[in-house]
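For reference, each letter of the sequence shown is one residue, going 1 to 455 in our numbering.
The structure appears right after this line, and notes come after that.
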Amino acid sequence: MQSVLDYLTAHRARFEEELCEYLRLPSVSAQTDHDCDTRATADWLMKHCRAIGLKARKHTTDFHPIVTASTPKRAGRRPHFLVYGHYDVQPPDPLEEWDTPPFEPTIRKGAVYARGATDNKGQHFAHLKAVEAFLQTGSELPCDLTFVIEGEEEVGSESLVKFLRQKKKDLQCDAVVVSDTGMPSKKHPALTYSLRGVTALEVTVRGPKADLHSGIYGGSVDNPALVLCQMLAALRDKRGRIAVPGFYDRAQKLTRYEREQMKRLPISAAQYRRLLGVKALFGEMGYTHHEQRSARPTLEINGLTSGYQGEGSKTIVPAWASAKITCRLVPNQDPCEINRLLKRQLKKLCPPSVKLEIEDGHGAEAYHVPPTGPQAQVALEALREAFGHEPVILREGGSIPIINEFKKVLGADSLLLGLALPDDNLHSPNEKFDLDCFHNGAEMSARLWPKLAAI
Ligand code: BES
Ligand code: ZN
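Take a look at the structure:
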């Protein structure tokens, strides 16, 4: 193990340069203009995996390719673990809010700034560097590893779901290790044992057949933008509760133990308010900010569009208005059922003066595996040793839908060992990845395999 750790220390500068090379590739999965960049990124990754000694393949799919890379086959049966990650990134917009361009990685103040730095290229790259250290120092890796790195995580992972079913036999494993979540601070490395689920839909209300002069017609026809705003406003009450009948019926309650644990997390309400730059925090009454953002269901408007958005004014009654909506879900809530309840409520709220159209989006259940098993225990040890601080266990609010499929199709639990810091700006301008998290993450990965294999 010492030679592996020494290798990781000796090659830090090169690892950072390689990560920058990876980050320079604009693999935006949601935008078809970037399809060739996404393919180029998969190629780069496959070649990189081969260069460090893995057996790598690129699998074409109906959409973005999947890259798999395995440790060389050896005689005898060893435990097998998957490492999951995604090379696709969120769109970088709004571009003008970046201090340096999103696909020109820049290192400042101990962090690398680029779209995809923390979500998720930097995080899975740390695991690749750990395996490289084993392979290049000729150290015995006591288990077989297969990296599965997809290009559609930010758009629903459809191809990977199919791929898991097709390759079920090859991918049988003892656990999946995923670094695609966060930690409260560098002094609080974390094991996440619960993620929220999600259900998405897009609602459009249509009024007149075209935009109308608001002076000539305004007042005699309903305004779709106003109608939609009134409908959406009615979905939440003053206490921050979602006003959709049945929404909370099945939602699993927090245990007393969990609420006690959450009180011990760093980041007070005041610090959190400052971090986000809001005037005041707002959320469901009766819950702390940690609880609200990780263990309670929510409804958000992700995007709202209607009428004239250009320079200056334009006096019209817009022909239509639309909103993209997502709900985050907690254990026991069924995404299809919540979607149905929400649609029913929107129909009820819609006046006869407009036409209502609703289009379904993606959905995923919440993930919840108590952190009490032996694999979780050794993961906590690896975190403690690599970061030099006592780890915390977390529930987090984001979603990684594919981990439910790992459970359903492969029967495998996921160990969520996130390396993102609260100010890493995931999905926002100026995304970054802290280089201490990168190097400590690689060390954590190196320390993890012998421990997991010994169970
Ligand atoms: N890495 C995030 C998920 C995440 C972030 C989990 C922080 C916990 C803490 C992932 O890349 C992501 O953004 N997932 C999407 C999934 C959605 C498209 C279904 C999300 O949560 O919005
Ligand atoms: Zn993401």
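Built from N, CA and C at the ideal position, the CB exists for glycine as well.
Since we're looking at a predicted model, the values are computed, not measured.
Is it the case that the region 290-299 contacts the region 241-261, given that we only count it when at least three CB pairs across the two stretches are under 8 Å?
yes
Using a 10 Å radius around the Cβ and a threshold of 16 neighbouring Cβ atoms, would you call H213 buried or exposed?
With fewer than 16 Cβ atoms within 10 Å of its Cβ, H213 is classed as exposed.
For a test of the three-state rule: what should DSSP assign to K324, helix, strand or coil?
Correct three-state label for K324: strand.
G303 - containing alpha helix (DSSP H), residue span
Taken as a continuous stretch (DSSP letters only), G303 belongs to no alpha helix (DSSP H), being part of the beta strand (DSSP E) at 298-306.
Quick one: residues in its chain with C-beta nearer than 6 Å to the C-beta of E154, no 5 flanking neighbours on either side, listed in chain order?
S29, D88, Q90
Quick one: Cα of G277 to Cα of D423, how far?
12 Å
Let me check one thing: in DSSP terms, what residues is Y468 bridge-paired to?
Any property of residue 468 remains undetermined from this structure, which presents the chain solely from 1 to 455.
Is it the case that the CB of D424 approaches a heavy atom of ligand 2 more closely than 7 Å?
no
Please state whether DSSP places K355 in a helix, a strand or coil.
strand
Please confirm whether any heavy atom of ligand 2 lies closer than 7 Å to the CB of E300.
Outside the cutoff, so no.
Quick check on this structure: which residue in T71, T60, V83, E104 has the alpha carbon closest to the alpha carbon of P26?
E104
Figure out for me which residue from R196, C49, K348 has the closest Cα to the Cα of K129.
C49
Reduced DSSP category for A114 - H, G, I as helix; E, B as strand; rest coil:
coil
Could you please give the first and the last residue of the uninterrupted alpha helix (DSSP H) stretch that includes D180?
From DSSP, D180 is part of no alpha helix (DSSP H); its letter is neither H nor E.
Excluding the 5 residues flanking A175 on each side, which residues of the same chain have their C-beta closer than 8 Å to its C-beta?
Hits under 8 Å: F81, L82, Q375, A412, D413, S414, L415, L452.
Can you grab the Cα-Cα spacing for the pair K343 / I358, in whole Å?
8 Å
Looking at the unbroken alpha helix (DSSP H) that takes in K129, where does it start and where does it end?
122-137
Once DSSP output is grouped into helix, strand and coil, what is the label at G441?
helix
Cα-Cα separation between V392 and G373, rounded to whole angstroms:
15 Å
How long is the line joining the alpha carbons of D35 and R328, rounded to whole angstroms?
29 Å
Could you tell me whether the Cβ atoms of W98 and N430 are closer together than 8 Å?
Here W98 is near N430, since their CB atoms are less than 8 Å apart.
One or two residues paired with H188 in a DSSP bridge
S185
Is the closest heavy atom of ligand 1 to the C-beta of D93 under 7 Å?
no
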